[in-house]
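Participant: Dropping the structure in here first, questions after.
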Amino acid sequence: MLSHLCAATPAVYILWIAMAQVAGQEDREKTTALKDLLSRIDLDELMKKDEPPFTFPKTLEEFEYTFNEYGQLRHIKTGKPFVFNAREDLHRWNQKRYEALGEIITQYVYELLEKKCNMTKAILPVDATEDEPTSFIYLSPDALSNPSKLLVLIQGSGVVRAGQWARRLIINQDLDSGTQIPFINKAMEEGYGVMVLNPNENYLEVEKPAKFSPLPSPTEPSDEPAEKRERKDDKEGKKKREFYEKYRNPQKETETERIPIRENGSSEEHVLYVWDHFVSKAAAKNVFIVAHSYGGLSFVELMNQREMQVKNRVCAVALTDSAHNIWLQETSKGTQDWMQQHCCNWVSSPEPLDTPLDPMLPDCPRVSAGTERHELTSWMSFTSIFRFFSEVLEAKEDEEAEETSNTVTTRSSSLKNKHQDL
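With mature numbering (1 follows the signal peptide of the UniProt record, and there is no 0) as the guide, the letters of the sequence shown map in order to residues -24 to -1, 1 to 398.
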């Protein structure tokens, strides 16, 4: 029995090898057929069919959205909130659609600032020529003339423009939480002049001129060997297929270049420029600042550049989840001490609103904003910020009144002594 099995083993082995060779041949044939199929597909045409063109509505009405009485963005027909995934499996197209809506939102907020808040644009640079790129800020009617109080609003980095804290909140939550309009209205009610900065408007984006490269004539014979041309064609075809697999063959976007706005090419430059040309020239005795996220970093950089001016003019600063770092920004000991007395940072935290938190750095007190969402910190601390401003101003006025009283008393006592001597 064992001898028969041993004799059969080589035959079984040979049979197994033959079957493996047949299977391998079938796999090679399938691979060849797949390559042939892929080579017949016009990937450029497939790109156009798979991803819709990047042409989107230009107004809210064309998008079929509107803001309801509560400041919430809702679909005109269904009444439902904005839906990001309008097309399944087309994330890039959905993102472009979202960005197009965001640009409309930006213009909508500008309109609210001008019509509802009665604010006007001030062009930057102030001495701009007709052919150079410009930016702007918004001013209340008394921003430069109010003798008592001025509020300066500085948002964080990113796509947000003047009047916005967070585009995501405007689209997905409401106007109150995402815009600076509640701060502007409250400030005006309490007698502040208001300046709304625009630290992310740093450049003009223009389309690059098209580059035309001469194509070889199809009738001209190539000097390359046929085998080399085939390898080159295979390589290019492979690149196309890999590109399609990774990105679903998105459309080619227009190439652009950025022309920086003079003296406003970054958030830090912008804040410094506005301070030099507007805030420092305002009549207000007491300047108050609200700075969110990167805006806090830009404020600290302003202190590095204009320390004594800021100390003499600014009464209090409310930071919301500020991105500043006194060590990395190399602030002076004097700046750190001043921030301890005049600044408060409302940070994202699970703790209740205004709960004191351990200081990360020796710069300013940190308290909870009552939310763990970074973009919500300004809105959630809205009431606390204005209370903080009122308390600081009241303490300052009491101190000044006491100093005046002491001066008058000293002067009166001095005159009395002189009268007695006479």
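C-beta: ideal position from N, C-alpha, C; glycine also.
Compute the Euclidean distance between the alpha carbons of K97 and E90, then round it to the nearest angstrom.
Facilitator: Sequence index remark: in the sequence shown, residue 97 carries index 121 (1-based). Sequence index remark: in the sequence shown, residue 90 carries index 114 (1-based). Looking at the two C-alpha atoms, the distance is approximately 8 Å.
Participant: What did DSSP end up calling V135 once you bin it into helix, strand or coil?
Facilitator: On the sequence shown, position 159 is the one that residue 135 refers to. Here V135 sits in coil by DSSP.
Participant: Thinking C-beta only, is N176 closer than 8 Å to S133?
Facilitator: Here residue 133 is taken as the residue at index 157 of the sequence shown, counted from 1. Here residue 176 is taken as the residue at index 200 of the sequence shown, counted from 1. Yes, Cβ-Cβ distance for S133 and N176 is below 8 Å.
Participant: Taking 8 Å as the threshold (C-beta atoms), are I80 and I265 in contact?
Facilitator: Against the sequence shown, residue 265 aligns to sequence position 289. Against the sequence shown, residue 80 aligns to sequence position 104. Not a contact, by the Cβ cut-off of 8 Å.
Participant: Quick check on this structure: which residue in E231, N178, M164, R144 has the alpha carbon closest to the alpha carbon of K184?
Facilitator: Taking the sequence shown and counting its residues from 1, one reaches residue 184 at position 208. For the residues E231, N178, M164, R144, the minimum Cα distance to K184 belongs to E231.
Participant: Count the other C-beta atoms from every protein chain shown that fall within 10 angstroms of the C-beta of V247, then say buried if there are 16 or more, exposed otherwise.
Facilitator: Locating residue 247 in the sequence shown gives position 271, counting from the first residue. Looking at its Cβ environment, which holds 16 or more other Cβ atoms inside 10 Å, V247 is buried.
Participant: Quick one: residues in its chain with C-beta nearer than 6 Å to the C-beta of M181, no 5 flanking neighbours on either side, listed in chain order?
Facilitator: If you number the sequence shown from 1, residue 181 lands on position 205. In the sequence as displayed, the identity of residue 181 is Glu instead of Met. Within the same chain, E181 has close Cβ partners T232, R234.
Participant: Please state whether DSSP places V247 in a helix, a strand or coil.
Facilitator: Against the sequence shown, residue 247 aligns to sequence position 271. Note: V247 maps to helix in three-state DSSP.
Participant: Shortest alpha-carbon distance to C319 belongs to which of G241, P158, A267, S354?
Facilitator: Counted from its first residue, the sequence shown places residue 319 at position 343. For C319, the nearest C-alpha among the options comes from A267.
Participant: Hey, would you say Q156 sits closer than 8 Å to V172, going by beta carbons?
Facilitator: Start at 1 with the first residue of the sequence shown, and residue 156 comes out as number 180. Start at 1 with the first residue of the sequence shown, and residue 172 comes out as number 196. Yes, the pair counts as a contact, with Cβ atoms nearer than the cut-off.
Participant: Kindly indicate which three-state DSSP category S344 falls into: helix, strand or coil?
Facilitator: Numbered from its first residue, the sequence shown carries residue 344 at position 368. It is a strand residue.
Participant: Just mark Q281 as buried or exposed, buried being the case when its beta carbon has 16 or more other beta carbons within 10 Å.
Facilitator: Within the sequence shown, numbered from 1, the residue matching residue 281 stands at position 305. By the neighbour-count rule (16 or more Cβ atoms within 10 Å), Q281 is not buried but exposed.
Participant: Any idea what DSSP makes of F32, helix, strand or coil?
Facilitator: Start at 1 with the first residue of the sequence shown, and residue 32 comes out as number 56. F32 falls in the coil class under three-state DSSP.
Participant: How big is the Cα-Cα spacing for N174 and E375?
Facilitator: Taking the first residue of the sequence shown as position 1, residue 174 is located at position 198. Taking the first residue of the sequence shown as position 1, residue 375 is located at position 399. So the alpha carbons of these two residues sit roughly 35 Å apart.
Participant: Per DSSP, which one or two residues make a beta bridge with N262?
Facilitator: As a first step, residue 262 must be located in the sequence shown, where it is residue number 286. DSSP output for N262 lists K125 as bridge partner(s).
Participant: Can you grab the Cα-Cα spacing for the pair V290 / R68, in whole Å?
Facilitator: In the sequence shown, the residue the question calls residue 290 occupies position 314. In the sequence shown, the residue the question calls residue 68 occupies position 92. In a straight line, the C-alpha of V290 is about 45 Å away from that of R68.
Participant: Pull up the CB-CB distance for P338 and Q312, whole angstroms please, since I reckon it's below 8 Å.
Facilitator: Taking the sequence shown and counting its residues from 1, the one referred to as residue 338 is at position 362. Taking the sequence shown and counting its residues from 1, the one referred to as residue 312 is at position 336. About 6 Å separates the two Cβ atoms, so the contact holds.
Participant: When burial is assigned at 16 or more other CB atoms within 10 Å of the CB, is residue 404 buried or exposed?
Facilitator: There is simply no residue 404 to check, as the chain begins at -24 and stops at 398 in what is shown.
Participant: Assign N44 to buried or exposed, taking buried as 16 or more other Cβ atoms, counted over all protein chains shown, within 10 Å of its Cβ.
Facilitator: Position 68 of the sequence shown, counted from the first residue, corresponds to residue 44. The residue in question, N44, is exposed, as its Cβ has fewer than 16 Cβ neighbours within 10 Å.
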